[in-house]
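J.:
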Amino acid sequence: SQVLLLACAEDLECVPGFQQKVFYIEQPFEFTEDQPVLNLEFDDCKGNNKLNFEVSNPDFKVERDGSLVALKNISEAGRALFVHARSEHAEDMAEILIVGANEKHDALKEIFKTEGNLGIPRQKRAILATPILIPENQRPPFPRSVGKVISSEGTEGAKFRLSGKGVDQDPKGIFRINEISGDVSVTRALDREAIANYELEVEVTDISGKTIDGPVRLDISVIDQNDNRPMFKEGPYIGHVMEGSPTGTTVMHMTAFDADDSSTDNALLRYHILKQTPTKPSPNMFYIDPEKGDIVTVVSPVLLDRETMETPKYELVIEAKDMGGLDVGLTGTATATILIDDKNDHPPEFTKKEFQATVKEGVTGVIVNLTVGDRDDPATGAWRAVYTIINGNPGQSFEIHTNPQTNEGMLSVVKPLDYEISAFHTLLIKVENEDPLIPDIAYGPSSTATVQITVEDVNEGPLFHPNPMTVTKQENIPIGSVVLTVNATDPDTLQHQTIRYSVYKDPAGWLEINPTNGTIGTTAILDRESPYVQNNIYTALFLAIDSGNPPATGTGTLHITLEDVNDNVPSLYPTLAKVCDDAKDLRVVVLGASDKDLHPNTDPFKFELSKQSGPEKLWRITKLNNTHAQVILLQNLKKANYNIPISVTDSGKPPLTNNTELKLQVCSCKKSKMDCSATDALHISMTLILLSLFSLFCKSFP
Numbered sequence: 001s002q003v004l005l006l007a008c009a010e011d012l013e014c015v016p017g018f019q020q021k022v023f024y025i026e027q028p029f030e031f032t033e034d035q036p037v038l039n040l041e042f043d044d045c046k047g048n049n050k051l052n053f054e055v056s057n058p059d060f061k062v063e064r065d066g067s068l069v070a071l072k073n074i075s076e077a078g079r080a081l082f083v084h085a086r087s088e089h090a091e092d093m094a095e096i097l098i099v100g101a102n103e104k105h106d107a108l109k110e111i112f113k114t115e116g117n118l119g120i121p122r123q124k125r126a127i128l129a130t131p132i133l134i135p136e137n138q139r140p141p142f143p144r145s146v147g148k149v150i151s152s153e154g155t156e157g158a159k160f161r162l163s164g165k166g167v168d169q170d171p172k173g174i175f176r177i178n179e180i181s182g183d184v185s186v187t188r189a190l191d192r193e194a195i196a197n198y199e200l201e202v203e204v205t206d207i208s209g210k211t212i213d214g215p216v217r218l219d220i221s222v223i224d225q226n227d228n229r230p231m232f233k234e235g236p237y238i239g240h241v242m243e244g245s246p247t248g249t250t251v252m253h254m255t256a257f258d259a260d261d262s263s264t265d266n267a268l269l270r271y272h273i274l275k276q277t278p279t280k281p282s283p284n285m286f287y288i289d290p291e292k293g294d295i296v297t298v299v300s301p302v303l304l305d306r307e308t309m310e311t312p313k314y315e316l317v318i319e320a321k322d323m324g325g326l327d328v329g330l331t332g333t334a335t336a337t338i339l340i341d342d343k344n345d346h347p348p349e350f351t352k353k354e355f356q357a358t359v360k361e362g363v364t365g366v367i368v369n370l371t372v373g374d375r376d377d378p379a380t381g382a383w384r385a386v387y388t389i390i391n392g393n394p395g396q397s398f399e400i401h402t403n404p405q406t407n408e409g410m411l412s413v414v415k416p417l418d419y420e421i422s423a424f425h426t427l428l429i430k431v432e433n434e435d436p437l438i439p440d441i442a443y444g445p446s447s448t449a450t451v452q453i454t455v456e457d458v459n460e461g462p463l464f465h466p467n468p469m470t471v472t473k474q475e476n477i478p479i480g481s482v483v484l485t486v487n488a489t490d491p492d493t494l495q496h497q498t499i500r501y502s503v504y505k506d507p508a509g510w511l512e513i514n515p516t517n518g519t520i521g522t523t524a525i526l527d528r529e530s531p532y533v534q535n536n537i538y539t540a541l542f543l544a545i546d547s548g549n550p551p552a553t554g555t556g557t558l559h560i561t562l563e564d565v566n567d568n569v570p571s572l573y574p575t576l577a578k579v580c581d582d583a584k585d586l587r588v589v590v591l592g593a594s595d596k597d598l599h600p601n602t603d604p605f606k607f608e609l610s611k612q613s614g615p616e617k618l619w620r621i622t623k624l625n626n627t628h629a630q631v632i633l634l635q636n637l638k639k640a641n642y643n644i645p646i647s648v649t650d651s652g653k654p655p656l657t658n659n660t661e662l663k664l665q666v667c668s669c670k671k672s673k674m675d676c677s678a679t680d681a682l683h684i685s686m687t688l689i690l691l692s693l694f695s696l697f698c699k700s701f702p
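Throughout the sequence shown, residue numbering follows UniProt numbering, covering 1 to 702 in sequence.
(1) Would you identify the three-state DSSP class for L118, choosing helix, strand or coil?
(2) In angstroms, rounded to a whole number, what distance separates the CA positions of G88 and T308?
(3) In whole angstroms, what is the alpha-carbon distance linking D305 and V222?
(4) How many Å lie between I120 and D260 at the Cα?
(5) Could you tell me how far apart the beta carbons of M231 and G381 are, in whole angstroms, since I believe they sit closer than 8 Å?
(6) Could you compute how far the alpha carbon of L417 sits from the alpha carbon of V455?
(7) Using the three-state DSSP reduction, which class does D567 fall into: helix, strand or coil?
(8) Spatial neighbours of L274 within its chain, please: C-beta separation below 6 Å, excluding the five flanking residues on both sides.
(9) Would you mind reading off the limits of the beta strand (DSSP E) that contains F355?
(10) Okay, do the region 576–594 and the region 498–510 touch, 3+ Cβ pairs below 8 Å being the bar?
(11) Okay, do the region 619–637 and the region 541–560 touch, 3+ Cβ pairs below 8 Å being the bar?
(12) Tell me which same chain residues have a C-beta within less than 8 Å of the C-beta of H105, skipping the five on either side of it?
(13) For T308, does the three-state DSSP call read helix, strand or coil?
(14) Since C669 sits in a beta bridge, which residues does DSSP pair it with?
(15) Which residue comes first and which comes last in the beta strand (DSSP E) that contains N52?
(16) By how many angstroms is the C-alpha of A640 removed from the C-alpha of P531?
(17) Under a Cβ-count criterion, where at least 16 other Cβ atoms within 10 Å of its own Cβ denotes burial, should S262 be classed as buried or exposed?
(18) Can you list, in chain order, the residues of its chain whose CB lies under 6 Å from that of I177, leaving out five sequence neighbours each side?
(19) Below 8 Å between beta carbons: does that hold for residue 715 and P312?
(20) In terms of alpha-carbon separation, which member of K321, G244, G324 lies closest to L303?
(21) So, at 6 Å on beta carbons, what are the nonlocal neighbours of S668 in its own chain, with the 5 sequence-adjacent residues on each side left out?
(22) Would you say the region 437–453 touches the region 474–488, given that touching needs at least three Cβ pairs under 8 Å?
(23) Report yes if the C-beta distance between residue 754 and T247 is below 8 Å; otherwise report no.
(24) Tell me which residue opens and which closes the beta strand (DSSP E) that K596 is part of.
(25) Starting from the Cα of N284, find the closest Cα among E315, M254, A267 and give me that residue.
(26) For G17 and E30, what's the separation of their Cα atoms in angstroms?
(27) Curious, which full-length beta strand (DSSP E) runs of at least 3 residues does the UniProt domain "Cadherin" (233–350) contain?
(28) With H, G and I counted as helix, E and B as strand and the rest as coil, what does DSSP make of P507?
(29) Do the region 129–146 and the region 164–172 meet, that is, are 3 or more Cβ pairs less than 8 Å apart?
(30) Go through its chain and collect everything with a Cβ distance to E512's Cβ below 6 Å, but skip five positions before and after it.
(31) Taking C-beta to C-beta, are V99 and Q27 nearer than 8 Å?
(32) Of all the alpha helix (DSSP H) runs that stay within the bounds of the region 534–587, which reach a length of 4 or more residues?
(33) Using CA atoms only, rank isn't needed, just tell me which of L40, I338, Q35 is closest to V69.
(34) What residue range is occupied by the uninterrupted beta strand (DSSP E) comprising V62?
(35) Do three or more CB pairs link the region 286–300 to the region 363–376 at distances below 8 Å?
(36) H559: buried (16+ other C-beta within 10 angstroms of its C-beta) or exposed?
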């Protein structure tokens, strides 16, 4: 590429900065990787200590000797490159303009006309606005000149005007332009992480403020400085690795964030382990990939043994450093917690080969706790024990469960044991883990144990056979009738004991029991209609007491099903009716009958009127169905109270009759109001005394 000098400094006195600030190069067919494009010369006049170059296009770099080279083969690099240099004592920027061969002559001619030799036109206009690069975090004094806009417009009184975000739009006042010379200046330090680019517009106005050229876009880019430390934002960082894992097993991944420009070394991070706690069995248990942030194991699987570690938790202090890890880079740290997970490489073992237990017959519950040891993690299924009875439990009288807090096996009696059947029991029990053992480990003899159980004899209460006892009797049987003879036996067959009986609960007080032979008899009439009888069944409880010391008691239940007899007369309802003295509907009332007895001693009922006195009949009764009848007046009656004698008879054998009177009030009715007050004295009273006496006589002699 042909290089032409556009501007240079020829002062004999050293001027800090680029000794040549503007370059013109002809666009080649391709920039070749690692081939120098041109040489830049920077001098801070104090030895260039800590000199660093930054190129606006990340596909290029500047070597330490000032050579600009491409990092790869590039066919298109844009119209301009900007190189920023900073040393310990100075900083400056150079501009490299790239044009085609046919543009070279006209462009150069125009550039040499331009005051200050600061650039070439990017469009066919009188305004030349070359992009400006400004390092962030510049130190005062401000305002500071950062570039210049040039115009070939020769109108008298023409002025430059700058506008856009950062000038007359928020954030306002950051940039300004000298309206005569076109010098662009910045008024305060910039922050690339807040705003990385500003797109402004420049125009030329006449003396009245009218635009005569433009607007033309002016791009201002903020060059990144390394002013942000790496930060770990995704914590807490917790990783897990199985004990015995192979060397190189990935545990976790760490990622830090740097707010600086990701295309520069300012955000190029490298990771490092600063500290490991604890330091045993090795101070270097883990390694972190400097570029990727992957943490891996670096010790042998033998050392990664959870049971031999002083703690299964390791804490690593991880450092992330920018500038590719160079000493000048900024750092940030975070703590990574690594937990060594347990695997089931230790089987549970009983603390002894034989356990003893004693239990009284007839008692249920836990009788002994079996203890085991296991070196695995108590918080995992590799430690939690599962117990199984493998022999000696044919009747399923025993069960064993794990105590979740202690891991002990709680052996329980779930079906009461009988001393008379067996006084001793021997159980064989095995213990395993919830999780399977690893392939190289197996359960040994210590994972089984024997439990010897001794059953103690106790005085058991007698047992009724059957229980409950059931019998069917007719109600109203004579007092002293035998209901049932009960049978109770003593389960303590090895003891010679006698049994006596007594009444425990007899709600109605109807029964008694012979204390010696268990015969139950009646002491009162059994009444099926009694409130103590539920669903035709009367229930009583009896005791059988042996002669042991102390005596033991057994309880028996007796259910007596009572058969119904016709011992209740039917009842009539209602017993009062009202009717108007001028009523057109002479159907006075519908009567119903009920009976406490059971069918067939109830309905169908027979309704009848007793003999009516007087010269003429005043009413009649008509059956509606098996349980209801209707009383009808045969004529209107005067206002008065009337007693109508009615008999109702059930269908029992023999039948029972109830003679009763229906009170009928004949009232005066005016304007829909019934007045039954001040009725005349009783007008008619019909009582069938002979019929009632006959009914009672029949009931007394069934």
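Cβ atoms here follow ideal geometry from the backbone N, Cα and C, with glycine treated the same way.
Only a predicted model underlies this, so the values are computations on that prediction, with no experimental measurement involved.
T.: The relevant details are as follows:
(1) As a position in the sequence shown, residue 118 is number 118, starting the count at 1. Since pLDDT at L118 reaches only 37, below the 50 mark, its modelled position is unreliable, and the value read off the structure follows with that caveat. Three-state result, L118: coil.
(2) In the sequence shown, the residue the question calls residue 88 occupies position 88. In the sequence shown, the residue the question calls residue 308 occupies position 308. Residue 88 is actually Glu in this sequence, not Gly. One C-alpha to the other measures close to 54 Å.
(3) Within the sequence shown, residue 305 is the residue found at index 305, counting from 1. Within the sequence shown, residue 222 is the residue found at index 222, counting from 1. Rounded to whole angstroms, D305 to V222 spans 54 Å at the Cα level.
(4) Taking the first residue of the sequence shown as 1, we reach residue 120 at position 120. Taking the first residue of the sequence shown as 1, we reach residue 260 at position 260. Interpretation of I120 is limited by its pLDDT of 36, a score under 50 that renders its predicted location unreliable; the figure taken from the coordinates is listed afterwards. Straight-line Cα distance between these residues: approximately 31 Å.
(5) Position 231 of the sequence shown holds residue 231. Position 381 of the sequence shown holds residue 381. That pair is no contact at about 39 Å.
(6) On the sequence shown, position 417 is the one that residue 417 refers to. On the sequence shown, position 455 is the one that residue 455 refers to. When rounded, the distance between both Cα atoms is 7 Å.
(7) As a working mapping, residue 567 is identified with position 567 in the sequence shown. Here D567 sits in coil by DSSP.
(8) Start at 1 with the first residue of the sequence shown, and residue 274 comes out as number 274. Cβ within range, chain order: V317, E319.
(9) Locating residue 355 in the sequence shown gives position 355, counting from the first residue. Per DSSP, F355 belongs to the beta strand (DSSP E) from 354–360.
(10) no
(11) no
(12) By 1-based counting over the sequence shown, the position of residue 105 is 105. Residue placement at H105 cannot be trusted, given a pLDDT of 46 that sits under 50; what the coordinates show is reported in the next sentence. Answer for H105: no residue qualifies.
(13) Against the sequence shown, residue 308 aligns to sequence position 308. In this structure, T308 counts as helix in the three-state DSSP scheme.
(14) Along the sequence shown, read from residue 1 onward, the residue named residue 669 stands at position 669. C669 pairs with M674.
(15) Counted from its first residue, the sequence shown places residue 52 at position 52. Counting along the chain, the beta strand (DSSP E) containing N52 begins and ends at 52–55.
(16) In the sequence shown, the residue the question calls residue 531 occupies position 531. In the sequence shown, the residue the question calls residue 640 occupies position 640. Cα to Cα, the separation comes out at about 41 Å.
(17) Start at 1 with the first residue of the sequence shown, and residue 262 comes out as number 262. The residue is exposed, with fewer than 16 neighbouring Cβ atoms inside 10 Å.
(18) Numbered from 1 along the sequence shown, position 177 holds the residue referred to as residue 177. For I177, where only same-chain residues beyond five positions count, the Cβ hits under 6 Å are F160, L162, V184.
(19) For residue 715 there is no data in the structure shown, the boundaries of the chain being 1 and 702.
(20) On the sequence shown, position 303 is the one that residue 303 refers to. For L303, the nearest C-alpha among the options comes from G244.
(21) Taking the first residue of the sequence shown as position 1, residue 668 is located at position 668. Closer than 6 Å at the Cβ level, and outside the excluded window around S668, lie D581, K639, D675.
(22) no
(23) Examination of residue 754 is not possible in this model, given that the chain is present from 1 through 702 alone.
(24) Taking the sequence shown and counting its residues from 1, the one referred to as residue 596 is at position 596. Premise fails: K596 is in no beta strand (DSSP E) and is neither H nor E.
(25) The residue labelled residue 284 in the question sits at position 284 within the sequence shown. Ranking the options by Cα distance to N284, first place goes to E315.
(26) In the sequence shown, counting from the first residue as 1, residue 17 sits at position 17. In the sequence shown, counting from the first residue as 1, residue 30 sits at position 30. Their Cα atoms are separated by approximately 30 Å.
(27) 237–242, 250–253, 270–277, 286–288, 294–297, 313–321, 331–341
(28) Walking along the sequence shown from the start, residue 507 turns up at place 507. It is coil, neither helix nor strand.
(29) no
(30) For the purposes of this step, residue 512 is taken as the residue at position 512 of the sequence shown. The answer, listed in chain order, is G521, T523.
(31) Translated into the one-based positions of the sequence shown, residue 99 becomes position 99. Translated into the one-based positions of the sequence shown, residue 27 becomes position 27. Contact: yes.
(32) none
(33) The residue you call residue 69 lines up with position 69 of the sequence shown. Comparing Cα positions, the closest option is Q35.
(34) Translated into positions along the sequence shown, residue 62 becomes position 62. 60–62 is the span of the beta strand (DSSP E), which, as asked, contains V62.
(35) no
(36) What you label residue 559 is simply residue 559 of the sequence shown in a count that begins at 1. Exposed, since its Cβ has fewer than 16 Cβ neighbours within 10 Å.
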